[in-house]
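Residue numbers (the numbering used here): 167 to 333.
Here the structure is laid out as structure tokens; the discussion comes afterwards.
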Ligand SMILES: CC(C)(COP(=O)(O)OP(=O)(O)OC[C@H]1O[C@@H](n2cnc3c(N)ncnc32)[C@H](O)[C@@H]1OP(=O)(O)O)[C@@H](O)C(=O)NCCC(=O)NCCS
């Protein structure tokens with residue numbers, strides 16, 4: 167894959183993140199919850215929030231100075247849940263199917279495995295997002311359950327799939 171750089175978001179990335187999110191939101195995907203634009207200033211605040219949390223990370227994939235993928239792992243503050251986190255991810259339309267998502271997730275897992283005591287990553291994924299499910303399965307995520315009528319992204323409540331990786 168040509169020169170895709172993957173690294174945690176840093177101060178100054180807000181504008182590139184905002185532009186990426188605008189392209190993503192314009193697609194009106196029926197597989198993600200993000201449905202509104204985020205300003206560069208708001209993204210800068212997100213970067214600062216993630217940087218201050220030692221059990222969360224916001225990873226970006228760059229094609230030169232253009233953000234082409236995102237993966238954010240959000241940990242928990244509560245002592246009973248500090249050993250796991252939830253994540254979400256996406257890749258720019260032009261880059262899908264070219265290995266960026268796999269690299270992002272592999273890096274995210276590697277980072278999370280380095281956090282002391284951390285042993286679980288989970289996410290909700292729409293059952294019709296078969297490409298994403300194949301990616302998660304290929305990295306040993308398992309189907310843990312169905313959240314019945316847990317998501318409404320296509321005009322009516324539908325079942326959502328819960329997947330997780332533990333180690
Ligand atoms: C899901 C998503 C993040 C995957 O990223 P990607 O860069 O396209 O994925 P990759 O090219 O790294 O593919 C990794 C694996 O995913 C699976 N996969 C990806 N796209 C697929 C498709 N259209 N059909 C079947 N499998 C697919 C394959 O198992 C693939 O394995 P391979 O590496 O052996 O080919 C990306 O398609 C995306 O942004 N989709 C829209 C937003 C979204 O749905 N996010 C996930 C919400 S849970």
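Backbone N, C-alpha and C fix where the C-beta goes; we use that ideal spot for every residue, glycine too.
Bridge-paired residues (DSSP) for residue i
i           : result
residue 274 : Answer is none; residue 274 lacks a bridge partner.
residue 229 : 170, 232
residue 326 : 313
residue 198 : For residue 198, which the question treats as bridged, DSSP gives no partner whatsoever.
residue 291 : 327
residue 224 : 238
Candidates the options: closest to residue i by CA position
i           : options            : result
residue 292 : 248, 316, 274, 258 : 316
residue 294 : 184, 174, 195      : 195
residue 307 : 253, 324, 230, 262 : 253
residue 233 : 248, 256, 247      : 256
residue 321 : 188, 228, 241, 197 : 197
residue 267 : 314, 319, 238      : 238
residue 245 : 275, 284, 277, 229 : 284
residue 330 : 324, 219, 302, 313 : 302
residue 215 : 241, 235, 236, 203 : 241
residue 185 : 176, 261, 209, 276 : 209
Own chain, CB closer than 7 Å to residue i, minus 5 neighbours either side, in chain order
i           : result
residue 273 : 172, 225
residue 279 : 333
residue 231 : 182
residue 309 : 327, 329
Distance between beta carbons of residue j and residue i, contact taken as under 8 Å
i           : j           : result
residue 199 : residue 251 : Not a contact, Cβ separation roughly 16 Å.
residue 193 : residue 259 : 6 Å
residue 201 : residue 212 : Incorrect: roughly 16 Å between the Cβ atoms, too far for contact.
residue 270 : residue 217 : Going by Cβ atoms, the distance from residue 270 to residue 217 rounds to 18 Å, so no, they are not a contact pair.
residue 174 : residue 223 : 6 Å
6 Å Cβ shell around residue i - same chain, five flanking residues per side excluded
i           : result
residue 298 : 291
residue 181 : 206
Span of the alpha helix (DSSP H), counted from its first residue to its last, around residue i
i           : result
residue 216 : 206–217
residue 180 : 180–192
residue 301 : 296–304
Boundaries of the beta strand (DSSP E) in which residue i is found, first to last residue
i           : result
residue 394 : Because the chain spans 167 through 333 in this model, residue 394 falls outside it and cannot be assessed.
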